[in-house]
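Residue numbers (my numbering): 17 to 369.
By construction, the Cβ of each residue, glycine as well, lies at the ideal position given by its N, Cα and C atoms.
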(Lines of atoms letter the chains of each structure in order from A and count residues from 1; the text may use other names and numbers.)
(Lines give C-alpha, C1' and ligand atoms only; values in the text may rest on other atoms or scores of the structure.)
Protein backbone atom coordinates (compact mmCIF):
# COMPACT_ATOMS: atom_id res chain seq x y z
CA UNK A 1 0.00 0.00 0.00
CA UNK A 2 1.32 3.43 -0.90
CA UNK A 3 2.12 5.64 2.15
CA UNK A 4 -0.67 8.14 1.49
CA UNK A 5 -3.25 5.39 1.22
CA UNK A 6 -1.93 3.74 4.36
CA UNK A 7 -2.30 7.03 6.23
CA UNK A 8 -5.88 7.45 5.11
CA UNK A 9 -6.73 3.84 5.86
CA UNK A 10 -5.24 4.17 9.34
CA UNK A 11 -7.41 7.19 10.01
CA UNK A 12 -10.61 5.26 9.38
CA UNK A 13 -9.78 1.81 10.76
CA UNK A 14 -12.04 0.87 13.64
CA UNK A 15 -10.77 -0.86 16.74
CA UNK A 16 -12.47 -4.11 17.70
CA UNK A 17 -14.28 -2.31 20.52
CA UNK A 18 -15.55 0.37 18.13
CA UNK A 19 -16.72 -2.29 15.71
CA UNK A 20 -18.64 -4.01 18.48
CA UNK A 21 -20.21 -0.72 19.57
CA UNK A 22 -21.16 0.36 16.08
CA UNK A 23 -22.20 -3.08 14.96
CA UNK A 24 -25.54 -2.84 16.74
CA UNK A 25 -26.50 0.25 14.74
CA UNK A 26 -28.28 0.88 11.47
CA UNK A 27 -27.36 4.06 9.64
CA UNK A 28 -29.79 5.60 7.16
CA UNK A 29 -28.15 7.44 4.29
CA UNK A 30 -29.89 9.46 1.60
CA UNK A 31 -28.18 8.94 -1.72
CA UNK A 32 -28.78 8.10 -5.37
CA UNK A 33 -31.47 5.71 -6.44
CA UNK A 34 -31.81 3.50 -9.47
CA UNK A 35 -28.86 1.68 -11.00
CA UNK A 36 -26.25 4.06 -9.48
CA UNK A 37 -27.74 3.27 -6.10
CA UNK A 38 -27.31 -0.44 -6.77
CA UNK A 39 -23.65 0.15 -7.68
CA UNK A 40 -23.07 2.08 -4.46
CA UNK A 41 -24.70 -0.65 -2.41
CA UNK A 42 -22.45 -3.33 -3.90
CA UNK A 43 -19.18 -1.39 -3.94
CA UNK A 44 -19.54 0.69 -0.76
CA UNK A 45 -22.32 -0.23 1.64
CA UNK A 46 -22.02 -4.02 1.61
CA UNK A 47 -18.22 -3.99 2.11
CA UNK A 48 -18.62 -1.38 4.88
CA UNK A 49 -21.14 -3.56 6.69
CA UNK A 50 -18.88 -6.58 6.29
CA UNK A 51 -15.98 -4.66 7.86
CA UNK A 52 -17.84 -2.87 10.67
CA UNK A 53 -21.09 -4.71 11.31
CA UNK A 54 -23.02 -1.46 10.82
CA UNK A 55 -26.14 -2.02 8.75
CA UNK A 56 -27.04 0.52 6.05
CA UNK A 57 -30.55 1.63 5.17
CA UNK A 58 -30.87 3.72 1.99
CA UNK A 59 -33.40 6.42 1.15
CA UNK A 60 -33.55 8.90 -1.73
CA UNK A 61 -34.60 12.51 -2.19
CA UNK A 62 -34.42 15.25 -4.81
CA UNK A 63 -32.44 17.86 -2.86
CA UNK A 64 -35.52 19.22 -1.08
CA UNK A 65 -33.89 21.03 1.82
CA UNK A 66 -37.30 21.33 3.47
CA UNK A 67 -37.21 17.61 4.23
CA UNK A 68 -34.02 18.07 6.25
CA UNK A 69 -35.48 21.14 7.93
CA UNK A 70 -38.63 19.33 9.03
CA UNK A 71 -36.69 16.46 10.58
CA UNK A 72 -34.29 18.69 12.51
CA UNK A 73 -36.96 21.15 13.69
CA UNK A 74 -39.29 18.39 14.93
CA UNK A 75 -36.50 16.24 16.31
CA UNK A 76 -37.91 13.30 14.36
CA UNK A 77 -34.73 12.31 12.54
CA UNK A 78 -35.25 9.67 9.88
CA UNK A 79 -31.89 10.15 8.16
CA UNK A 80 -28.35 10.12 9.52
CA UNK A 81 -26.20 10.91 6.47
CA UNK A 82 -27.21 12.80 3.34
CA UNK A 83 -25.84 13.48 -0.13
CA UNK A 84 -26.13 17.13 -1.11
CA UNK A 85 -25.32 19.44 -3.98
CA UNK A 86 -22.92 22.31 -3.15
CA UNK A 87 -25.72 24.84 -2.70
CA UNK A 88 -27.59 22.70 -0.18
CA UNK A 89 -24.38 21.78 1.63
CA UNK A 90 -23.78 25.46 2.37
CA UNK A 91 -27.44 26.29 3.02
CA UNK A 92 -27.95 23.28 5.27
CA UNK A 93 -24.82 24.12 7.20
CA UNK A 94 -25.81 27.76 7.67
CA UNK A 95 -29.30 26.75 8.84
CA UNK A 96 -27.92 24.29 11.38
CA UNK A 97 -29.37 21.26 9.63
CA UNK A 98 -25.98 19.53 9.36
CA UNK A 99 -23.22 18.72 11.82
CA UNK A 100 -20.04 20.79 11.49
CA UNK A 101 -17.25 18.28 11.03
CA UNK A 102 -13.53 18.64 10.40
CA UNK A 103 -13.16 16.12 7.58
CA UNK A 104 -9.39 16.63 7.48
CA UNK A 105 -9.29 14.24 10.44
CA UNK A 106 -10.60 11.49 8.19
CA UNK A 107 -9.10 12.13 4.74
CA UNK A 108 -6.10 13.88 3.25
CA UNK A 109 -7.18 17.50 2.51
CA UNK A 110 -4.69 17.97 -0.32
CA UNK A 111 -6.38 15.17 -2.28
CA UNK A 112 -9.60 17.21 -2.43
CA UNK A 113 -8.13 20.60 -3.34
CA UNK A 114 -8.86 20.21 -7.07
CA UNK A 115 -12.60 20.10 -6.35
CA UNK A 116 -12.57 22.97 -3.87
CA UNK A 117 -11.82 21.15 -0.63
CA UNK A 118 -14.05 20.27 2.30
CA UNK A 119 -17.07 22.28 3.29
CA UNK A 120 -17.76 23.42 6.82
CA UNK A 121 -20.22 20.56 7.17
CA UNK A 122 -19.85 18.30 4.15
CA UNK A 123 -17.13 16.52 2.23
CA UNK A 124 -17.10 16.27 -1.59
CA UNK A 125 -17.57 12.68 -2.64
CA UNK A 126 -17.89 12.58 -6.41
CA UNK A 127 -18.22 14.78 -9.47
CA UNK A 128 -21.36 14.41 -11.56
CA UNK A 129 -20.81 15.84 -15.04
CA UNK A 130 -23.94 16.54 -17.07
CA UNK A 131 -23.73 16.88 -20.83
CA UNK A 132 -25.40 16.68 -24.22
CA UNK A 133 -26.30 13.04 -24.93
CA UNK A 134 -27.64 11.35 -28.06
CA UNK A 135 -28.15 7.85 -29.42
CA UNK A 136 -25.36 7.29 -31.95
CA UNK A 137 -27.35 4.49 -33.59
CA UNK A 138 -30.14 6.94 -34.39
CA UNK A 139 -28.25 10.15 -35.17
CA UNK A 140 -25.30 9.77 -37.50
CA UNK A 141 -23.18 11.97 -39.73
CA UNK A 142 -24.42 15.56 -40.00
CA UNK A 143 -27.40 14.75 -37.80
CA UNK A 144 -25.16 14.00 -34.81
CA UNK A 145 -25.05 17.10 -32.56
CA UNK A 146 -21.72 18.76 -31.90
CA UNK A 147 -22.83 21.73 -29.78
CA UNK A 148 -25.68 23.07 -27.69
CA UNK A 149 -26.54 25.27 -30.67
CA UNK A 150 -27.20 22.02 -32.56
CA UNK A 151 -29.33 20.86 -29.64
CA UNK A 152 -31.48 23.98 -30.08
CA UNK A 153 -31.66 23.53 -33.87
CA UNK A 154 -34.87 21.54 -34.28
CA UNK A 155 -35.08 22.51 -37.95
CA UNK A 156 -31.90 20.55 -38.65
CA UNK A 157 -32.77 17.58 -36.44
CA UNK A 158 -36.51 17.41 -35.64
CA UNK A 159 -37.74 15.85 -32.46
CA UNK A 160 -38.09 16.51 -28.76
CA UNK A 161 -35.23 17.46 -26.44
CA UNK A 162 -34.91 16.19 -22.87
CA UNK A 163 -33.96 18.72 -20.20
CA UNK A 164 -34.02 18.56 -16.42
CA UNK A 165 -36.94 20.10 -14.57
CA UNK A 166 -34.67 22.28 -12.48
CA UNK A 167 -33.26 25.76 -13.15
CA UNK A 168 -29.69 25.22 -11.98
CA UNK A 169 -27.91 23.27 -14.72
CA UNK A 170 -30.73 24.05 -17.20
CA UNK A 171 -30.15 27.81 -17.25
CA UNK A 172 -26.42 27.26 -17.56
CA UNK A 173 -27.01 25.04 -20.60
CA UNK A 174 -29.23 27.71 -22.17
CA UNK A 175 -26.40 30.23 -21.86
CA UNK A 176 -23.97 27.82 -23.52
CA UNK A 177 -26.50 27.39 -26.34
CA UNK A 178 -26.56 31.18 -26.63
CA UNK A 179 -22.82 31.21 -27.26
CA UNK A 180 -21.42 31.76 -23.77
CA UNK A 181 -18.17 29.78 -23.26
CA UNK A 182 -18.42 27.32 -20.35
CA UNK A 183 -15.68 29.16 -18.48
CA UNK A 184 -17.77 32.37 -18.58
CA UNK A 185 -21.16 30.90 -17.68
CA UNK A 186 -20.97 31.73 -13.97
CA UNK A 187 -19.89 35.30 -14.69
CA UNK A 188 -22.71 35.83 -17.21
CA UNK A 189 -25.41 34.06 -15.18
CA UNK A 190 -24.67 36.01 -12.01
CA UNK A 191 -24.40 39.39 -13.78
CA UNK A 192 -27.43 41.68 -14.23
CA UNK A 193 -29.56 40.36 -17.07
CA UNK A 194 -27.93 36.93 -17.05
CA UNK A 195 -30.99 35.05 -15.82
CA UNK A 196 -33.24 36.90 -18.27
CA UNK A 197 -30.91 35.96 -21.11
CA UNK A 198 -31.03 32.29 -20.11
CA UNK A 199 -34.82 32.23 -19.88
CA UNK A 200 -35.13 33.97 -23.24
CA UNK A 201 -32.96 31.31 -24.87
CA UNK A 202 -34.86 28.55 -23.10
CA UNK A 203 -38.14 29.97 -24.41
CA UNK A 204 -36.96 29.37 -27.98
CA UNK A 205 -36.80 25.64 -27.34
CA UNK A 206 -39.70 25.30 -24.93
CA UNK A 207 -42.28 23.80 -27.37
CA UNK A 208 -39.85 20.97 -28.06
CA UNK A 209 -38.77 20.15 -24.49
CA UNK A 210 -39.63 17.02 -22.55
CA UNK A 211 -38.85 17.70 -18.88
CA UNK A 212 -37.37 14.93 -16.75
CA UNK A 213 -37.30 14.74 -12.96
CA UNK A 214 -34.98 11.79 -12.33
CA UNK A 215 -31.81 10.36 -13.80
CA UNK A 216 -33.63 7.17 -14.75
CA UNK A 217 -36.27 9.16 -16.63
CA UNK A 218 -33.61 11.12 -18.52
CA UNK A 219 -32.19 7.88 -19.91
CA UNK A 220 -35.56 6.29 -20.61
CA UNK A 221 -36.53 9.19 -22.87
CA UNK A 222 -33.38 8.62 -24.92
CA UNK A 223 -33.53 4.82 -24.96
CA UNK A 224 -37.13 4.75 -26.18
CA UNK A 225 -36.51 7.39 -28.83
CA UNK A 226 -39.11 9.70 -27.31
CA UNK A 227 -36.52 12.47 -27.63
CA UNK A 228 -33.85 12.99 -30.28
CA UNK A 229 -31.26 14.13 -27.78
CA UNK A 230 -31.08 15.22 -24.17
CA UNK A 231 -29.15 16.40 -21.16
CA UNK A 232 -27.91 13.59 -18.94
CA UNK A 233 -25.40 12.73 -16.24
CA UNK A 234 -22.31 10.68 -17.00
CA UNK A 235 -23.03 7.95 -14.46
CA UNK A 236 -26.54 7.46 -15.79
CA UNK A 237 -25.30 7.30 -19.39
CA UNK A 238 -22.72 4.65 -18.52
CA UNK A 239 -25.35 2.63 -16.68
CA UNK A 240 -27.86 2.91 -19.53
CA UNK A 241 -25.29 1.77 -22.09
CA UNK A 242 -24.02 -1.19 -20.07
CA UNK A 243 -27.46 -2.37 -18.95
CA UNK A 244 -29.11 -2.06 -22.36
CA UNK A 245 -26.18 -2.69 -24.73
CA UNK A 246 -26.72 0.73 -26.29
CA UNK A 247 -24.48 3.43 -27.72
CA UNK A 248 -25.55 6.67 -26.08
CA UNK A 249 -22.79 9.18 -26.72
CA UNK A 250 -21.72 12.22 -24.72
CA UNK A 251 -20.60 15.39 -26.51
CA UNK A 252 -18.03 16.79 -24.07
CA UNK A 253 -16.83 19.44 -26.51
CA UNK A 254 -20.26 21.09 -26.49
CA UNK A 255 -19.67 22.19 -22.91
CA UNK A 256 -20.89 20.47 -19.78
CA UNK A 257 -21.88 21.15 -16.20
CA UNK A 258 -19.87 19.56 -13.42
CA UNK A 259 -21.67 19.30 -10.12
CA UNK A 260 -20.11 18.01 -6.93
CA UNK A 261 -21.94 15.71 -4.58
CA UNK A 262 -21.22 16.26 -0.88
CA UNK A 263 -21.84 13.94 2.04
CA UNK A 264 -22.86 15.29 5.43
CA UNK A 265 -24.31 14.21 8.78
CA UNK A 266 -27.75 15.32 9.94
CA UNK A 267 -27.68 17.66 12.93
CA UNK A 268 -28.48 15.80 16.11
CA UNK A 269 -28.22 12.32 14.65
CA UNK A 270 -27.99 9.81 17.52
CA UNK A 271 -25.84 7.74 15.18
CA UNK A 272 -23.42 10.57 14.40
CA UNK A 273 -20.25 8.55 15.00
CA UNK A 274 -21.38 5.69 12.79
CA UNK A 275 -22.47 8.14 10.08
CA UNK A 276 -19.06 9.83 10.17
CA UNK A 277 -17.34 6.45 9.87
CA UNK A 278 -19.49 5.58 6.87
CA UNK A 279 -18.65 8.85 5.11
CA UNK A 280 -14.96 8.60 5.98
CA UNK A 281 -14.95 5.13 4.48
CA UNK A 282 -16.45 6.49 1.27
CA UNK A 283 -13.86 9.28 1.07
CA UNK A 284 -10.90 6.89 1.11
CA UNK A 285 -9.03 6.47 -2.17
CA UNK A 286 -9.41 2.66 -2.47
CA UNK A 287 -13.16 2.79 -1.84
CA UNK A 288 -13.66 5.74 -4.18
CA UNK A 289 -11.69 3.95 -6.89
CA UNK A 290 -13.74 0.78 -6.48
CA UNK A 291 -17.01 2.70 -6.56
CA UNK A 292 -16.13 5.04 -9.45
CA UNK A 293 -14.66 2.20 -11.51
CA UNK A 294 -18.10 0.62 -11.47
CA UNK A 295 -20.16 3.81 -11.60
CA UNK A 296 -18.11 5.70 -14.19
CA UNK A 297 -17.99 9.08 -12.44
CA UNK A 298 -14.85 11.06 -11.60
CA UNK A 299 -13.78 10.63 -7.95
CA UNK A 300 -13.50 13.69 -5.73
CA UNK A 301 -10.40 12.23 -4.08
CA UNK A 302 -7.47 12.79 -6.47
CA UNK A 303 -5.61 9.87 -4.87
CA UNK A 304 -8.27 7.55 -6.29
CA UNK A 305 -7.66 8.49 -9.93
CA UNK A 306 -4.39 6.50 -10.34
CA UNK A 307 -6.21 3.46 -8.97
CA UNK A 308 -8.77 3.49 -11.78
CA UNK A 309 -8.27 1.35 -14.84
CA UNK A 310 -6.85 3.00 -17.93
CA UNK A 311 -10.13 2.38 -19.75
CA UNK A 312 -12.15 4.09 -17.01
CA UNK A 313 -9.84 7.11 -16.89
CA UNK A 314 -10.15 7.44 -20.67
CA UNK A 315 -13.95 7.58 -20.39
CA UNK A 316 -13.91 10.57 -18.04
CA UNK A 317 -13.85 14.21 -19.14
CA UNK A 318 -10.41 15.82 -19.17
CA UNK A 319 -10.04 17.50 -15.74
CA UNK A 320 -8.00 20.27 -17.39
CA UNK A 321 -10.61 20.96 -20.07
CA UNK A 322 -12.14 24.45 -20.26
CA UNK A 323 -15.36 22.92 -21.58
CA UNK A 324 -16.51 22.08 -18.06
CA UNK A 325 -18.64 24.54 -16.11
CA UNK A 326 -18.02 23.77 -12.43
CA UNK A 327 -21.09 24.27 -10.24
CA UNK A 328 -19.04 25.44 -7.32
CA UNK A 329 -17.18 28.46 -6.01
CA UNK A 330 -18.38 31.19 -3.70
CA UNK A 331 -19.77 33.40 -6.47
CA UNK A 332 -21.92 30.62 -7.90
CA UNK A 333 -23.12 29.27 -4.56
CA UNK A 334 -23.91 32.70 -3.12
CA UNK A 335 -25.88 33.56 -6.25
CA UNK A 336 -28.12 30.54 -5.85
CA UNK A 337 -28.45 30.99 -2.10
CA UNK A 338 -29.55 34.60 -2.60
CA UNK A 339 -31.70 34.13 -5.70
CA UNK A 340 -32.56 30.45 -5.84
CA UNK A 341 -36.09 30.61 -4.42
CA UNK A 342 -37.15 33.38 -6.81
CA UNK A 343 -35.54 31.66 -9.80
CA UNK A 344 -37.13 28.31 -8.97
CA UNK A 345 -40.55 29.97 -8.74
CA UNK A 346 -39.97 31.72 -12.05
CA UNK A 347 -38.85 28.45 -13.60
CA UNK A 348 -41.94 26.57 -12.39
CA UNK A 349 -44.18 29.32 -13.79
CA UNK A 350 -42.25 29.29 -17.07
CA UNK A 351 -42.69 25.53 -17.51
CA UNK A 352 -46.39 25.64 -16.59
CA UNK A 353 -47.29 28.41 -19.06
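Give me the Cα-Cα distance between residue i and residue j, rounded to the nearest whole angstrom.
{"i": "residue 214", "j": "residue 346", "result": "21 Å"}
{"i": "residue 105", "j": "residue 200", "result": "24 Å"}
{"i": "residue 108", "j": "residue 172", "result": "44 Å"}
{"i": "residue 293", "j": "residue 284", "result": "16 Å"}
{"i": "residue 296", "j": "residue 55", "result": "18 Å"}
{"i": "residue 185", "j": "residue 273", "result": "7 Å"}
{"i": "residue 299", "j": "residue 223", "result": "43 Å"}
{"i": "residue 193", "j": "residue 349", "result": "22 Å"}
{"i": "residue 112", "j": "residue 47", "result": "20 Å"}
{"i": "residue 239", "j": "residue 251", "result": "15 Å"}
{"i": "residue 134", "j": "residue 308", "result": "19 Å"}
{"i": "residue 63", "j": "residue 303", "result": "9 Å"}
{"i": "residue 89", "j": "residue 100", "result": "19 Å"}
{"i": "residue 301", "j": "residue 123", "result": "9 Å"}
{"i": "residue 366", "j": "residue 181", "result": "11 Å"}
{"i": "residue 87", "j": "residue 327", "result": "43 Å"}
{"i": "residue 74", "j": "residue 316", "result": "21 Å"}
{"i": "residue 237", "j": "residue 43", "result": "34 Å"}
{"i": "residue 208", "j": "residue 166", "result": "27 Å"}
{"i": "residue 121", "j": "residue 263", "result": "42 Å"}
{"i": "residue 253", "j": "residue 261", "result": "11 Å"}
{"i": "residue 257", "j": "residue 57", "result": "20 Å"}
Among residues of its own chain, excluding the 5 on either side of residue i, which ones have a beta-carbon nearer than 6 Å to its beta-carbon?
{"i": "residue 270", "result": "148, 163, 164"}
{"i": "residue 218", "result": "190"}
{"i": "residue 305", "result": "320, 323, 324"}
{"i": "residue 19", "result": "Its pLDDT being 40, under 50, residue 19 is placed unreliably by the model, and the measurement read from it follows with that caveat. Result list for residue 19: empty, nothing under 6 Å."}
{"i": "residue 351", "result": "206"}
{"i": "residue 187", "result": "214"}
{"i": "residue 136", "result": "109, 116"}
{"i": "residue 225", "result": "177, 179"}
If we count the other Cβ atoms within 10 Å of its Cβ and call it buried at 16 or more, is residue i buried or exposed?
{"i": "residue 156", "result": "exposed"}
{"i": "residue 361", "result": "exposed"}
{"i": "residue 369", "result": "exposed"}
{"i": "residue 158", "result": "exposed"}
{"i": "residue 354", "result": "exposed"}
{"i": "residue 338", "result": "exposed"}
{"i": "residue 59", "result": "buried"}
{"i": "residue 17", "result": "Here residue 17 scores only 39 on pLDDT, less than 50, and its place in the model should not be relied on; the value that follows carries that caveat. Exposed is the call here."}
{"i": "residue 138", "result": "buried"}
{"i": "residue 125", "result": "exposed"}
Report all residues from its chain with a CB closer than 8 Å to the CB of residue i; omit the five preceding and five following residues, and keep chain order.
{"i": "residue 204", "result": "191, 196, 210, 213"}
{"i": "residue 37", "result": "Low confidence applies here, because residue 37 scores a pLDDT of 47, under 50, leaving its location unreliable and the question unanswered by this model."}
{"i": "residue 335", "result": "130, 314"}
{"i": "residue 39", "result": "Any reading at residue 39 needs caution, since the residue's pLDDT is 48, under 50, leaving its predicted position unreliable; the model's value is listed next. Excluding sequence neighbours, residue 39 sits near 68, 69, 70."}
{"i": "residue 65", "result": "71, 72"}
{"i": "residue 85", "result": "111, 113"}
{"i": "residue 241", "result": "151, 154"}
{"i": "residue 198", "result": "192, 271, 272, 338, 339, 340, 341"}
Of the residues the options, which one's Cα is nearest the Cα of residue i?
{"i": "residue 259", "options": "310, 334, 67", "result": "310"}
{"i": "residue 76", "options": "257, 94, 59", "result": "94"}
{"i": "residue 68", "options": "291, 348, 74", "result": "291"}
{"i": "residue 92", "options": "356, 282, 342", "result": "282"}
{"i": "residue 143", "options": "333, 263, 326", "result": "333"}
{"i": "residue 45", "options": "96, 225, 59, 289", "result": "96"}
{"i": "residue 249", "options": "240, 229, 261, 241", "result": "229"}
{"i": "residue 318", "options": "140, 62, 111", "result": "140"}
{"i": "residue 72", "options": "79, 80, 61, 316", "result": "61"}
{"i": "residue 356", "options": "257, 136, 79, 237", "result": "79"}
{"i": "residue 98", "options": "287, 341, 328", "result": "287"}
{"i": "residue 145", "options": "367, 312, 365", "result": "312"}
{"i": "residue 370", "options": "202, 208, 331, 226", "result": "The chain is shown from 17 up to 369; residue 370 falls before or after that span and cannot be answered."}
{"i": "residue 41", "options": "81, 278, 289", "result": "289"}
Which same chain residues end up closer than 7 Å to residue i when comparing Cβ atoms and leaving out the 5 residues on each side of it in sequence?
{"i": "residue 344", "result": "102, 132, 276"}
{"i": "residue 50", "result": "231, 232"}
{"i": "residue 255", "result": "51, 52"}
{"i": "residue 267", "result": "147, 148, 161, 162"}
{"i": "residue 183", "result": "359, 360, 363"}
{"i": "residue 220", "result": "168"}
Would you say residue i faces chain B, with C-beta separation under 8 Å as the test?
{"i": "residue 128", "result": "In the structure shown, chain B does not exist; there is a single protein chain."}
Pairing CB atoms from the segment 124 to 136 with CB atoms from the segment 149 to 159, are three or more of them under 8 Å?
-> Counting C-beta pairs closer than 8 Å gives fewer than three between the segment 124 to 136 and the segment 149 to 159, which falls short of the contact rule.
Say whether the segment 231 to 238 touches the segment 101 to 117, bearing in mind that this needs 3 or more beta-carbon pairs closer than 8 Å, one atom from each stretch.
-> no
Given 8 Å as the limit, is there contact between the segment 235 to 253 and the segment 172 to 188, that is, 3 or more CB pairs closer than that?
-> yes
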